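Residue numbers (our numbering): 19 to 210.
Backbone N, C-alpha and C define an ideal beta-carbon position, used for all residues, glycine too.
What you are looking at is a predicted structure, and each value in this text was computed from that prediction instead of being measured.
Comments concern the structure below.
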Ligand SMILES: [Fe+2]
Ligand SMILES: [Fe+2]
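Right, dumping it as structure tokens:
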């Protein structure tokens with residue numbers, strides 16, 4: 019049981035760090051910014067969000083929340099779960115849209131930068147709000163209500179899908195992003 023909860027908590031820590039870097043790089047597009055944005059890093063980070071959190075992390079949470087829902091003690095908790103599920107849909111759609119928009123920037127076609135910055139800000143805020151909500155309501159519910167049967171159900175998934183950036187097997191597509199993260203954190207703490 020603790021395995022899956024630990025994995026989710028760890029994912030949140032990784033995502034929070036990655037969002038910090040994304041925030042920094044995207045602000046490079048603001049007028050008067052003193053640093054040039056690294057577009058390849060932005061695209062790799064958003065692609066990672068699409069391929070791991072959106073494709074694995076949130077669906078895993080959704081499966082577990084569906085099992086926990088009948089065991090929740092009150093309506094307030096059920097409403098929080100509803101909100102989290104709604105945010106999963108919003109986040110996935112927004113990641114997809116941002117990946118497309120930044121790929122358009124990469125292809126040198128004209129993109130309204132202010133609109134893109136506004137969309138990204140909403141995205142970043144929603145991701146952080148979402149993790150806060152999960153850490154506050156979903157994680158404690160998991161800690162108190164998940165059973166061994168629930169663990170067995172997701173155990174295989176956990177073994178088969180390692181994190182392609184922060185996990186044991188780095189995807190080739192994220193090599194530049196990994197180097198970037200290592201460099202940014204080399205004076206702070208280890209990556210994994
Ligand atoms: Fe989530
Ligand atoms: Fe999450």
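- In this structure, residue 104 has its CB at a distance of at least 6 Å from all heavy atoms of ligand 2.
- For the options 185, 34, 151 and 52, the alpha carbon positioned closest to that of residue 95 is the one of 151.
- If you check the C-beta of residue 30 against ligand 1, you find no heavy atom less than 6 Å away.
- Residue state for residue 88 is assigned as helix, using DSSP reduced to three classes.
- Membership of residue 139 in the alpha helix (DSSP H) is indicated by the continuous run 131 to 151.
- With contacts defined as CB atoms closer than 7 Å, residue 135 and residue 119 fail to qualify as a contacting pair.
- Exclusion of residue 147 from the 6 Å shell around ligand 1 follows from its C-beta lying no nearer than that to any non-hydrogen atom of the ligand.
- In this structure, the beta-carbon distance from residue 62 to residue 188 does not fall below 7 Å.
- Counting every other CB atom within 10 Å of its CB across the protein chains shown gives residue 60 a total of 16 or more, marking it as buried.
- For residue 167, the enclosing alpha helix (DSSP H) begins and ends at 166 to 178.
- Taken through DSSP and simplified to helix, strand or coil, residue 202 comes out as helix.
- Exclusion of the five residues before and after residue 89 leaves 163 as the residues of its chain whose Cβ lies within less than 6 Å of its Cβ.
- Short note on residue 95: C-beta not closer than 6 Å to any heavy atom of ligand 1.
- Chain-ordered, the residues whose CB falls short of 5 Å from any heavy atom of ligand 1 come out as 76 and 79.
- Taking a C-beta distance under 7 Å as the contact criterion, residue 22 and residue 170 do not qualify as a contact pair.
- When distances are taken from the beta-carbon of residue 152 to the heavy atoms of ligand 2, the shortest one is below 6 Å.
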